[in-house]
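So the sequence shown is numbered by our numbering: it starts at 90 and just counts up by one.
C-beta: ideal position from N, C-alpha, C; glycine also.
One structure below.
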Amino acid sequence: MPSLKNLSCPIDGADLQLEGRSLRCAHRHSFDLAKTGYVNLLPVQNKRSKDPGDSKEMVLSRQTFLNQQHYYPIVDAIFASWPKDLLVTGVRILDAGCGEGYYLSHLGEAFDKHNMMTDRIGLDISKWAVMSASKRDKEIGWIVGSNASLPVPDKRFDVILCLFGFPVFEEFSRALDDSGQLLLVESGPRHLIELREVLYERIHDYKPTFPDGIADFELHSEESKCFSFELDSQAKIQDLLSMTPHIHKASYEGKLAIQKRETMSITADIKLRWYRKKTGEK
Numbered sequence: 090m091p092s093l094k095n096l097s098c099p100i101d102g103a104d105l106q107l108e109g110r111s112l113r114c115a116h117r118h119s120f121d122l123a124k125t126g127y128v129n130l131l132p133v134q135n136k137r138s139k140d141p142g143d144s145k146e147m148v149l150s151r152q153t154f155l156n157q158q159h160y161y162p163i164v165d166a167i168f169a170s171w172p173k174d175l176l177v178t179g180v181r182i183l184d185a186g187c188g189e190g191y192y193l194s195h196l197g198e199a200f201d202k203h204n205m206m207t208d209r210i211g212l213d214i215s216k217w218a219v220m221s222a223s224k225r226d227k228e229i230g231w232i233v234g235s236n237a238s239l240p241v242p243d244k245r246f247d248v249i250l251c252l253f254g255f256p257v258f259e260e261f262s263r264a265l266d267d268s269g270q271l272l273l274v275e276s277g278p279r280h281l282i283e284l285r286e287v288l289y290e291r292i293h294d295y296k297p298t299f300p301d302g303i304a305d306f307e308l309h310s311e312e313s314k315c316f317s318f319e320l321d322s323q324a325k326i327q328d329l330l331s332m333t334p335h336i337h338k339a340s341y342e343g344k345l346a347i348q349k350r351e352t353m354s355i356t357a358d359i360k361l362r363w364y365r366k367k368t369g370e371k
């Protein structure tokens, strides 16, 4: 049974208790676990569309691409940068915007190699992503939910990961323990530059996110990780394109140009920024 403890009802915030194959609160709100073990804690009234988040097709493309291990250096970089005081058994981790679970699952393997057990929760607004994640790793608690309203009590986690996602800092601060830390992993200036040069006539200047800092958090450390990999078929190029925002932003002509490529050497350029939660300064 996956770790689905210490969660909150998304309707009234009451504690959820596991009873059989359902999570129930004292006010009789009930949420059934799916066959693969995940739970949907995204009420209809909190949805902005009928099927929010990544589509089934986008999730499949990302899963296909990530399973080729081109992005495994990102897993290594995250674990190598992990704060030493949080490199302990029992560390409570939330992957906020977990997608199909690649990073959180592999991080668990890295912790296991060092004989450290972890309490891991993965949350995503896409039911297709969470469904896929729940098939990947049964040791993780998978939740369909929103970063804008995390279905967890205050100070539930020691670490929150937001990898290429949509952070909601007020909620992250609430859900982090006072000694907790937040990791943002984002694109650097040359990320997928070869792909972008084919898709667009002009490459916009890189603008760092949150240059003025983040309320409730202070920057603890920052580093970059660059590496390259080869894509040897049009199908693999399309899998990469389909899991990026460029699939929506690029013009028809740009996408047509990409379709003419059978091989590409791709640069990955990422930023890792660890933030400490501020306390007593709100």
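_Buried/exposed call for Asp-101, threshold 16 Cβ in 10 Å_ = Start at 1 with the first residue of the sequence shown, and residue 101 comes out as number 12. Exposed, by the Cβ-count rule.
*Return helix, strand or coil for Pro-334, following the three-state DSSP convention.*
Position 245 of the sequence shown, counted from the start, is the residue given in the question as residue 334. It is coil, neither helix nor strand.
*asked:* Please identify the residue among Leu-252, Val-241, Leu-273 and Glu-108 whose C-alpha is closest to the C-alpha of Arg-263.
replied: As a first step, residue 263 is located in the sequence shown; it is residue number 174 there, counting from the start. Taking only the C-alpha atoms, the option nearest Arg-263 is Val-241.
*Do you know whose CA, among Leu-107, Ile-229 and Ala-185, lies nearest Glu-198's CA?*
Within the sequence shown, the letter at position 109 stands for residue 198. For the options Leu-107, Ile-229 and Ala-185, the alpha carbon positioned closest to that of Glu-198 is the one of Ile-229.
*Grab the span of the beta strand (DSSP E) containing Leu-284 for me, first residue to last.*
For the purposes of this step, residue 284 is taken as residue 195 along the sequence shown, with counting starting at 1. Careful: Leu-284 lies outside any beta strand (DSSP E), inside the alpha helix (DSSP H) at 282-288.
*Hey, how far is the Cα of Leu-93 from the Cα of Asp-208?*
Counted from its first residue, the sequence shown places residue 93 at position 4. Counted from its first residue, the sequence shown places residue 208 at position 119. If I take the Cα positions, the gap works out to 9 Å.
*Using the beta-carbon count (16 or more within 10 Å), is Ser-111 buried or exposed?*
If you number the sequence shown from 1, residue 111 lands on position 22. Burial call: exposed.
*asked:* Less than 7 Å separating the Cβ of Ser-144 from some heavy atom of the ligand COA?
replied: The ligand COA is absent from the structure shown, which contains no ligands of any kind.
*Apart from the five residues just before and just after Ala-346, which ones in its own chain have a Cβ nearer than 6 Å to its Cβ?*
If you number the sequence shown from 1, residue 346 lands on position 257. The residues are Val-287.
*Roughly how far, in whole angstroms, is the beta-carbon of Ile-355 from the beta-carbon of Ser-317, given that I think they are within contact range, below 8 Å?*
The count along the sequence shown starts at 1 and reaches residue 355 at position 266. The count along the sequence shown starts at 1 and reaches residue 317 at position 228. Contact holds; Cβ gap of about 6 Å.
*asked:* Quick check: what's the CA-CA separation for Ser-238 versus Glu-351?
replied: Your numbering for residue 238 matches position 149 in the sequence shown. Your numbering for residue 351 matches position 262 in the sequence shown. If I take the Cα positions, the gap works out to 43 Å.
*Could you please give the first and the last residue of the uninterrupted alpha helix (DSSP H) stretch that includes Ala-357?*
Your numbering for residue 357 matches position 268 in the sequence shown. For Ala-357, there is no enclosing alpha helix (DSSP H); the enclosing beta strand (DSSP E) has its first and last residue at 353-366.
*Name the two residues that bound the continuous beta strand (DSSP E) containing Thr-153.*
If you number the sequence shown from 1, residue 153 lands on position 64. In this chain, Thr-153 is not harboured by any beta strand (DSSP E); it is covered by the alpha helix (DSSP H) spanning 145-155.
*How far does the alpha helix (DSSP H) with Val-219 in it reach, from first residue to last?*
Along the sequence shown, one-based indexing puts residue 219 at 130. Taken as a continuous stretch (DSSP letters only), the alpha helix (DSSP H) holding Val-219 covers 216-225.
*Would you kindly work out how many angstroms separate the C-alpha atoms of Ala-304 and Lys-349, rounded to a whole number?*
For the purposes of this step, residue 304 is identified with residue 215 of the sequence shown, where counting begins at 1. For the purposes of this step, residue 349 is identified with residue 260 of the sequence shown, where counting begins at 1. If you take the alpha carbons of Ala-304 and Lys-349, they lie about 45 Å apart.
*Identify, in the order they occur along the chain, each residue of the same chain with its Cβ nearer than 6 Å to the Cβ of Pro-141, setting aside the five sequence neighbours on each side.*
Taking the sequence shown and counting its residues from 1, the one referred to as residue 141 is at position 52. Counting only residues of its own chain and dropping the five nearest sequence neighbours on each side, Pro-141 has a CB closer than 6 Å to the CB of Ile-214.
*Could you check if Gly-109 is buried or exposed, using at least 16 other CB atoms within 10 Å of its CB as the buried criterion?*
Position 20 of the sequence shown, counted from the start, is the residue given in the question as residue 109. Per the 10 Å Cβ criterion, exposed.
*asked:* Given this structure, state the Cα-to-Cα distance separating Val-233 from Met-332, to the nearest angstrom.
replied: Position 144 of the sequence shown, counted from the first residue, corresponds to residue 233. Position 243 of the sequence shown, counted from the first residue, corresponds to residue 332. Approximately 19 Å, taken between the alpha carbons.
*What three-state label does DSSP hand Phe-306 in the structure shown?*
Counted from its first residue, the sequence shown places residue 306 at position 217. Looking at Phe-306 - three-state DSSP - the assignment turns out to be strand.
*Where does Val-133 sit, in a helix, a strand or coil, going by DSSP?*
Looking up residue 133 in the sequence shown gives position 44. In the structure shown, Val-133 adopts helical secondary structure according to DSSP, grouped into three states.
_Collapsed DSSP secondary structure at Gly-254 in the structure displayed_ = What you label residue 254 is simply residue 165 of the sequence shown in a count that begins at 1. The DSSP-derived three-state label of Gly-254 is coil.
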